[in-house]
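Peer 1: The UniProt record's numbering numbers the first residue of the sequence shown as 1 and each following residue consecutively.
Every residue gets a Cβ at the ideal spot worked out from N, C-alpha and C, and that includes glycine.
What you are looking at is a predicted structure, and each value in this text was computed from that prediction instead of being measured.
Handing you a structure now.
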Amino acid sequence: MQNLNQAFDRLRTFLPQLGQDRQLSKYETLQMAQTYISALYELLDQADSGGNVH
């Protein structure tokens with residue numbers, strides 16, 4: 001279980017901070033990771049299609 005907690009802690013370091021004083025729950029961390037990955041994918045897709053990326 002300790003390895004799983006460490007993995008979530010490491011994943012949180014790659015996610016954007018929302019200015020919260022509390023740590024995201026495991027569920028919130030997974031949701032945020034999914035949203036962040038989707039947003040990055042969209043940026044890459046726009047860049048590949050020649051769209052404007054800001």
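From which residue to which residue does the alpha helix (DSSP H) around arginine 10 run?
Peer 2: Arginine 10 -> alpha helix (DSSP H) spans 2-14.
Peer 1: For alanine 7, which option in Gly19, Leu43 and Thr29 has the closest C-alpha, if you only look at C-alpha atoms?
Peer 2: Closest option to alanine 7, Cα to Cα, is Thr29.
Peer 1: Under a three-way DSSP split, which group does glutamine 17 fall into?
Peer 2: DSSP places glutamine 17 in coil when its eight states are reduced to three.
Peer 1: Taking only three categories from DSSP, how would you classify glutamine 23?
Peer 2: Correct three-state label for glutamine 23: coil.
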